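**Student:**
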Amino acid sequence: MTDTNVTKTGAAPDFSRLAADLERQLRLRAIPFGMKLFESAKEMESIPKIRRPQAVHTLDQIVAQCARLGWTVGVRGEDLVGDQCRSVVGLGIQDEKWSSGHRMVGVWYATL
Amino acid sequence: MNLVPDGKYEALVVAPLNKWGKREGGIAGPLDVPDIALFYATPGAMIYFINGLQWKGYKRFDWSVVGESSCADSWGRALKIREPSLSIPCFGERRYGGVLDEEMLMALPPEDMVKAMEGMQALAKNGLRYPIPQYGIQQDVRARLGVSYPKR
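Keeping their order, the protein sequence lines are chains A and B.
Per the numbering used here, numbering through the first sequence is continuous, rising by one, with the last residue being 112.
Per the numbering used here, numbering through the second sequence is continuous, rising by one, with the last residue being 1152.
(1) If contact is defined by three or more beta carbon pairs under 8 Å, each pair taking one atom from either stretch, is the stretch 36-51 of chain A in contact with the stretch 1041-1054 of chain B?
(2) Going by the DSSP bridge assignment, what does A:I47 pair with across the sheet?
(3) Quick check on this structure: which residue in B:M1113, B:G1007 and B:I1088 has the alpha carbon closest to the alpha carbon of A:R76?
(4) With a CB to CB cut of under 8 Å and the five nearest residues on each side skipped, what residues in its chain are close to B:E1118?
(5) Give me, in chain order, the residues of the same chain whose beta-carbon lies closer than 6 Å to that of A:F38; leave out the 5 immediate sequence neighbours on both sides.
(6) Nearest-angstrom Cα distance between B:D1101 and A:D95?
(7) Per DSSP, which one or two residues make a beta bridge with A:H102?
(8) Quick one: which unbroken alpha helix (DSSP H) runs of 4-plus residues sit fully inside the stretch 1031-1079 of chain B? Chain order, please.
(9) Looking at chain A, is there any beta carbon in it that lies within less than 8 Å of the beta carbon of B:P1084?
(10) Please determine if the stretch 1010-1017 of chain B and the stretch 68-75 of chain A are in contact, where contact requires at least 3 C-beta pairs separated by less than 8 Å.
(11) Between A:R29, A:L80, A:P32 and A:Q25, which lies nearest to A:R128 when the distance is taken from Cα to Cα?
(12) Pull up the CB-CB distance for B:L1108 and B:A1045, whole angstroms please, since I reckon it's below 8 Å.
(13) So B:F1049 contacts chain A; which residues on that side make the cut at Cβ distance below 9 Å?
(14) Between the C-alpha atoms of B:D1032 and B:G1067, what's the straight-line distance to the nearest angstrom?
(15) Ignore the nearest five residues each way along the sequence and tell me which others in A:G34's own chain have a CB closer than 8 Å to its CB.
(16) If you drop the 5 nearest sequence neighbours on each side, which residues of the same chain put their C-beta closer than 7 Å to that of B:C1071?
(17) List the residues of chain B that A:E39 touches, going by C-beta distances under 9 Å, in chain order.
(18) When the cut-off is 8 Å and only beta carbons count, does A:S105 lie next to chain B?
(19) If you measure beta-carbon to beta-carbon, which residues of the stretch 1015-1032 of chain B are closer than 8 Å to chain A?
(20) How long is the line joining the alpha carbons of A:Q65 and B:E1111, rounded to whole angstroms?
(21) Drop a sphere of 10 angstroms on the beta-carbon of B:F1039, count the other beta-carbons inside from all chains shown, and report buried for 16 or more, exposed for fewer.
Right, dumping it as structure tokens:
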């Protein structure tokens, strides 16, 4: 196995090598991927060849577009359906009503 | 649920791990280092990866299962507390996110992924490798265990 560790020097690892080694070591059938939050949507949009959703999606659909199709995708809250997907990653409104889980009642849980 | 606090971030990016770390003229770009690295794998692969994580600086892991909304167990938790976070993907993640029946999800800081890789290398040198070869459910186990756990 190749040496992927650059962090002994404090530098960032060689991510290409890290990904290849992980895929080979664990016989992965989906692409390892990274996730990063941006304080500025403008900085996200500045990424060369960034894909922006053309429809409304769940965040796990966006994740799948990366892990299964190899896409680099950037999202803002309005690209995602509902407060559930947005709020887990801090792009939504985590108010008391949402936090109560009321939308799940009768669907996944009998009561609050 | 583990949630990233709202109000600070405007956007999120997901990109294949091999796309990160690119620099132009030595200057870090927006895809320099991810906040977290993630991968889907089978339970067998995951436990081997976890063994690698535990090779140095052992600690027991305690993870959450919120049920539906497993994203909070994986990327939500890892983004919030920057610790390895394993999840059993939920119905929604399988129905809409295309997760297969046999897959689990690991989310963790990239430096922990490096740590796990080094740990798996050490385990492999001890003869503990993935895929895990079957020994035989009716074989006398002492011969092999004597190799894995030599008398001290």
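In this text, a Cβ means the ideal position worked out from N, Cα and C, and glycines have one as well.
Bear in mind the structure is a predicted one, so any value in this text is a computation, not a measurement.
**Tutor:** In short:
(1) no
(2) According to DSSP, which records beta bridges pairwise, A:I47 is partnered with nothing at all.
(3) B:G1007
(4) G1052, W1055 and K1056
(5) M44
(6) 33 Å
(7) Note: A:H102 sits in no beta bridge, so no partner.
(8) 1043-1054
(9) no
(10) yes
(11) Shown here, chain A extends from 1 to 112; a query on residue 128 of chain A therefore has no answer.
(12) About 14 Å separates the two Cβ atoms, so there is no contact after all.
(13) L22, Q25 and L26
(14) 33 Å
(15) F15
(16) E1093
(17) K1008, Y1009, E1010 and A1011
(18) Note on identity: in this sequence residue 105 of chain A is Val, with Ser being the wrong assignment. Chain B, which has no Cβ nearer than 8 Å to the Cβ of A:V105, makes this no.
(19) A1015, P1016, L1017, N1018, K1019, W1020, G1021, G1029, P1030, L1031 and D1032
(20) 24 Å
(21) buried
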